[in-house]
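Reading through the structure tokens given below for one structure.
There are 2 protein chains.
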Amino acid sequence: MAQRPRDTSGALTAPGGRTDTTTDPVGAPPPQARRAPDGGGRPPHGTGSAADVLARYLHQQATEFLRGLRLHGDSGHGSGTAAEEAAEAVRLLRGAARRIAGALQVFRPLTEVPWTDQFRSELGWLTETLGREYACAARLARLRGALHRLSGAAEAGSAAAPAVGAARAGALLERQLTLARTRAHSAALQALGSARFHAVADAVAVLSTDPPLDSAAHDLRAPEALPLLAEQSHRLLLEAVDALPLAAAGLPYNAEALSHGLADAGVPAAESRQDAPWHQVRLLVRLRRYAQEVLDEQHQTEVEPGLTIRLLSAGQALDRHRDAAEAAAYAAAAARTPRIAPATAYALGVLHADQRYEVEAARFAFGRVWQRMGVPSR
Amino acid sequence: MAQRPRDTSGALTAPGGRTDTTTDPVGAPPPQARRAPDGGGRPPHGTGSAADVLARYLHQQATEFLRGLRLHGDSGHGSGTAAEEAAEAVRLLRGAARRIAGALQVFRPLTEVPWTDQFRSELGWLTETLGREYACAARLARLRGALHRLSGAAEAGSAAAPAVGAARAGALLERQLTLARTRAHSAALQALGSARFHAVADAVAVLSTDPPLDSAAHDLRAPEALPLLAEQSHRLLLEAVDALPLAAAGLPYNAEALSHGLADAGVPAAESRQDAPWHQVRLLVRLRRYAQEVLDEQHQTEVEPGLTIRLLSAGQALDRHRDAAEAAAYAAAAARTPRIAPATAYALGVLHADQRYEVEAARFAFGRVWQRMGVPSR
Numbered sequence: 001m002a003q004r005p006r007d008t009s010g011a012l013t014a015p016g017g018r019t020d021t022t023t024d025p026v027g028a029p030p031p032q033a034r035r036a037p038d039g040g041g042r043p044p045h046g047t048g049s050a051a052d053v054l055a056r057y058l059h060q061q062a063t064e065f066l067r068g069l070r071l072h073g074d075s076g077h078g079s080g081t082a083a084e085e086a087a088e089a090v091r092l093l094r095g096a097a098r099r100i101a102g103a104l105q106v107f108r109p110l111t112e113v114p115w116t117d118q119f120r121s122e123l124g125w126l127t128e129t130l131g132r133e134y135a136c137a138a139r140l141a142r143l144r145g146a147l148h149r150l151s152g153a154a155e156a157g158s159a160a161a162p163a164v165g166a167a168r169a170g171a172l173l174e175r176q177l178t179l180a181r182t183r184a185h186s187a188a189l190q191a192l193g194s195a196r197f198h199a200v201a202d203a204v205a206v207l208s209t210d211p212p213l214d215s216a217a218h219d220l221r222a223p224e225a226l227p228l229l230a231e232q233s234h235r236l237l238l239e240a241v242d243a244l245p246l247a248a249a250g251l252p253y254n255a256e257a258l259s260h261g262l263a264d265a266g267v268p269a270a271e272s273r274q275d276a277p278w279h280q281v282r283l284l285v286r287l288r289r290y291a292q293e294v295l296d297e298q299h300q301t302e303v304e305p306g307l308t309i310r311l312l313s314a315g316q317a318l319d320r321h322r323d324a325a326e327a328a329a330y331a332a333a334a335a336r337t338p339r340i341a342p343a344t345a346y347a348l349g350v351l352h353a354d355q356r357y358e359v360e361a362a363r364f365a366f367g368r369v370w371q372r373m374g375v376p377s378r
Numbered sequence: 001m002a003q004r005p006r007d008t009s010g011a012l013t014a015p016g017g018r019t020d021t022t023t024d025p026v027g028a029p030p031p032q033a034r035r036a037p038d039g040g041g042r043p044p045h046g047t048g049s050a051a052d053v054l055a056r057y058l059h060q061q062a063t064e065f066l067r068g069l070r071l072h073g074d075s076g077h078g079s080g081t082a083a084e085e086a087a088e089a090v091r092l093l094r095g096a097a098r099r100i101a102g103a104l105q106v107f108r109p110l111t112e113v114p115w116t117d118q119f120r121s122e123l124g125w126l127t128e129t130l131g132r133e134y135a136c137a138a139r140l141a142r143l144r145g146a147l148h149r150l151s152g153a154a155e156a157g158s159a160a161a162p163a164v165g166a167a168r169a170g171a172l173l174e175r176q177l178t179l180a181r182t183r184a185h186s187a188a189l190q191a192l193g194s195a196r197f198h199a200v201a202d203a204v205a206v207l208s209t210d211p212p213l214d215s216a217a218h219d220l221r222a223p224e225a226l227p228l229l230a231e232q233s234h235r236l237l238l239e240a241v242d243a244l245p246l247a248a249a250g251l252p253y254n255a256e257a258l259s260h261g262l263a264d265a266g267v268p269a270a271e272s273r274q275d276a277p278w279h280q281v282r283l284l285v286r287l288r289r290y291a292q293e294v295l296d297e298q299h300q301t302e303v304e305p306g307l308t309i310r311l312l313s314a315g316q317a318l319d320r321h322r323d324a325a326e327a328a329a330y331a332a333a334a335a336r337t338p339r340i341a342p343a344t345a346y347a348l349g350v351l352h353a354d355q356r357y358e359v360e361a362a363r364f365a366f367g368r369v370w371q372r373m374g375v376p377s378r
């Protein structure tokens with residue numbers, strides 16, 4: 001994601017002067033006060049142009065985004081409920097931002113391209129910035145759970161305390177990830193107060209009334225244009241899956257995922273190289289799912305519920321793949337902390353290997369789901 | 001295995017004064033010089049009593065044992081060929097000793113029980129003592145191979161050197177296991193020169209001519225007695241397999257085998273408790289296979305080649321289970337070596353987890369083989 005300095009929020013200006021570029025400084029009223037009134041410019045349902053369908057979808061997502069923004073403004077800081085509300089707000093904001101960016105990517109030829117490309121990269125920045133805090137929390141929960149399981153504590157009737165090494169490794173991870181989480185929280189708060197964020201929020205608000213669609217989109221009928229572009233994203237997905245080593249991954253206990261667990265210097269490098277195509281497929285599965293949501297919007301119903309469910313399952317397997325891969329890399333990195341005890345390092349080694357086998361298990365699970373999809377050639 | 005002092009070799013004396021109890025001191029002629037001439041007392045083929053069949057089987061195994069003994073005497077010490085010959089000799093000795101003990105166990109009611117029980121325990125001592133050297137070598141080869149694989153070195157075109165931690169862990173394991181192997185080698189040589197061993201060898205030689213069978217065995221026809229006792233050993237096997245958590249083991253990536261990888265203090269204790277029933281089944285599968293060999297001897301052909309092959313496959317999966325479990329325990333123990341570097345401990349942690357997943361993979365493989373066996377109720 002390209003980093004843009006605060007004062008370039010004007011870059012989000014649409015070619016037609018879509019948004020107000022003179023965003024207020026940090027002391028400005030909260031973002032939700034600026035948005036257009038809910039449903040004010042909602043396009044009529046049932047009309048048949050590609051632009052109509054996309055506008056409806058973008059409008060819905062913009063509404064979700066602004067709901068998230070309002071919830072975040074209400075959540076304040078302090079009580080447990082507030083923390084839950086803030087988490088829900090971030091979930092809404094990220095989900096809507098990802099869907100808006102996804103729809104603009106899949107149906108890119110129907111959009112005002114230079115502006116939407118720039119906008120998508122800003123949405124990516126936002127999703128990433130807001131997600132980091134929760135990623136740290138999820139990673140800690142995953143590693144803590146794995147340590148718990150590896151200590152035999154998950155077993156019924158077991159009162160096993162973790163061994164010294166496991167306890168120390170847990171404390172080390174807790175310390176490092178809590179610090180990372182706090183930093184990510186501050187970064188997210190800072191981002192939410194920035195002119196850059198206000199520009200994004202303004203642009204999302206404008207999506208509701210004035211979607212950035214090309215004039216061609218207004219001339220094309222939805223059934224002519226939308227399935228074709230969704231099909232294109234499906235093809236990209238199929239090609240990416242074809243490049244995966246699915247035959248090997250389909251054999252249980254193939255021990256592929258850990259094959260670089262102790263490689264020289266490049267422990268993370270070698271493993272990320274191996275994981276990258278799977279991460280790529282994860283993004284394409286998600287994109288295909290959002291494309292399907294637009295088609296569902298076109299038909300005002302779930303067109304292919306079976307496909308949707310399988311895309312969801314495939315996505316879940318690949319989410320688990322990503323989470324385990326990142327947790328494994330984190331355990332390996334933690335083991336390079338200076339002056340740790342050998343017992344701590346040993347526990348982190350076990351943890352690393354455990355998470356790499358989770359990576360392998362997730363690939364196996366994805367292969368199963370994909371097989372059930374029967375690889376529709378659409 | 002009960003440890004017996006050297007001077008009690010007389011305890012091997014059969015009730016009927018079967019063996020010469022006054023075994024020579026260490027300076028005596030090599031054991032093979034004492035055995036009965038090959039085939040000298042071989043019972044006639046084709047006769048139909050249970051004793052006849054068992055005697056034929058025991059005679060064959062005794063012949064193999066004595067062949068191993070001769071080969072070992074010839075192998076000397078020094079050249080590479082000699083080492084190979086010594087290994088082959090030990091393989092012959094152990095295989096024959098296991099089969100003799102197995103047949104005497106399965107068909108125990110047909111044998112002269114007090115003497116054969118004692119004899120079986122002596123055979124067990126011998127198998128164990130002779131095998132330790134080769135177990136050390138096999139364990140080192142397994143751990144070295146795993147480190148190699150985990151360093152990504154197995155990949156085509158990869159010139160990856162192992163990371164510092166992996167290299168140090170490899171050196172540590174190499175040092176410890178080479179020392180253990182040398183000790184085991186000395187212990188085996190000492191055992192082979194002991195009065196205790198000479199007594200066992202004498203008793204094996206006598207098996208060829210005068211098998212320790214009960215008079216009942218001479219009265220019973222083979223088809224009446226032998227299948228019944230083989231069936232009993234089959235039932236023991238079925239019961240033991242029934243007690244295994246096969247449903248869980250049949251789900252790939254169930255992560256069961258590593259569930260105590262970091263348990264308090266009792267890393268090995270908790271894991272061996274989990275592994276024990278599988279080790280028990282390994283022994284029962286082997287016993288059942290030897291029982292089948294006796295039935296094959298009865299019919300002078302392979303009665304059920306399908307069963308034999310499946311018992312072999314099941315045994316191989318459980319051998320791998322045992323080897324991986326022992327290698328994992330060894331890696332964990334090595335990590336408790338004082339003053340090792342954290343990077344070394346980390347690599348040993350990865351190695352431990354890797355081998356525990358091998359344990360899990362072996363259980364999965366056994367489950368598959370067992371399923372194919374269709375659990376015959378015989």
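Protein sequences appear in the order of chains A and B. Residue numbers are given in UniProt numbering: position 84 of the first sequence equals residue 84, and the series is strictly consecutive. Residue numbers are given in UniProt numbering: position 144 of the second sequence equals residue 144, and the series is strictly consecutive. Glycine included, C-beta positions come from ideal geometry on N, C-alpha and C. Source: prediction; values computed, not measured.
With a contact defined as Cβ atoms closer than 8 Å, LEU237/B and LEU284/B qualify at about 4 Å. Put simply, the CB of PHE364/B is near chain A, with a gap under 8 Å to one of its CB atoms.
For the stretch 260 to 343 of chain A, the full-length alpha helix (DSSP H) segments reaching 4 residues or more read 267 to 299, 305 to 334 along the chain. In the three-state reduction of the DSSP assignment, SER194/B falls in the coil class, being assigned neither a helical nor a strand state.
Using a CB distance cut-off of 8 Å, SER75/B does not count as an interface residue toward chain A.
In the three-state scheme derived from DSSP, where H, G and I count as helix and E and B as strand, LEU244/A is classed as coil. Taking a contact to require three or more Cβ pairs closer than 8 Å, the stretch 88 to 107 of chain B and the stretch 293 to 312 of chain B qualify as touching. Of all residues in the stretch 340 to 356 of chain B, only ILE340, ALA341, PRO342, ALA343, THR344, ALA345, TYR346, ALA347, LEU348, GLY349, VAL350, LEU351, HIS352, ALA353, ASP354, ARG356 place a beta-carbon less than 9 Å from a beta-carbon of chain A.
DSSP, reduced to helix, strand and coil, places SER121/A within a helical segment of the structure shown. Between the alpha carbons of ASP319/A and ARG282/A lies a distance of about 7 Å.
For GLU64/A, the enclosing alpha helix (DSSP H) starts and ends at 50 to 75.
Ranked by Cα distance from ALA166/A, the options ALA361/A, HIS352/A, ARG372/A are led by HIS352/A. Considering only beta carbons, the part of the stretch 238 to 262 of chain A lying closer than 8 Å to chain B consists of PRO252, TYR253, ALA255, LEU258, SER259, HIS260, GLY261, LEU262, in chain order. In this structure, the straight-line span from the alpha carbon of GLY193/A to that of ALA199/A is close to 11 Å. The straight-line gap separating the alpha-carbon atoms of GLY367/B and ALA347/A is approximately 30 Å. In this structure, GLU133/B keeps its C-beta atom at 8 Å or more from the C-beta atom of ALA82/B. Its chain contains LEU140, LEU143, ALA334 as the residues whose beta carbon lies nearer than 7 Å to that of LEU173/A, once the 5 sequence neighbours on both sides are disregarded; these appear in chain order. A distance below 7 Å between beta-carbons, with the five flanking residues on each side excluded, links LEU244/B to the following residues of its chain, in chain order: PRO277, TRP278, VAL281.
Out of GLY261/A, VAL206/A, GLU231/A, the CA that lies nearest to the CA of ALA329/A is found in GLY261/A. A distance of 8 Å or more separates the beta carbons of THR111/B and PRO223/B.
Note: LEU207/B is not bridge-paired with any residue in the DSSP secondary-structure output.
Under the three-state reduction of DSSP, LEU130/A is assigned to helix.
Residues of chain A with a Cβ closer than 9 Å to the Cβ of LEU147/B are, in chain order, LEU262. Look at LEU213/B here: in three-state DSSP terms it is strand. With the criterion set as a beta carbon lying under 8 Å from some beta carbon of chain A, the members of the stretch 127 to 152 of chain B are LEU147, ARG149, LEU150, SER151, GLY152, in sequence order.
Residues of chain A whose Cβ lies closer than 8 Å to the Cβ of ALA180/B do not exist; the shortest such Cβ separation is about 21 Å. Using a Cβ distance threshold of 8 Å, GLY170/A and LEU150/A do not count as a contacting pair. For ALA361/A, at least one C-beta of chain B is nearer than 8 Å to its own C-beta. Pairing ALA191/A with LEU126/A, the inter-Cα distance amounts to about 8 Å. Judged by DSSP secondary structure, ALA87/A falls within the alpha helix (DSSP H) whose first and last residues are 80 to 106.
Excluding the 5 residues flanking it on each side, ASP117/A has no same chain C-beta neighbour closer than 6 Å.
Exclusion of the five residues before and after PHE197/B leaves ALA191 as the residues of its chain whose Cβ lies within less than 6 Å of its Cβ.
Under the DSSP definition of a beta bridge, ARG221/A partners with SER49/A. When the five nearest sequence neighbours on each side are left out, the beta carbons in the same chain lying within less than 6 Å of the beta carbon of GLY48/B are those of ARG221, ALA222, in order along the chain.
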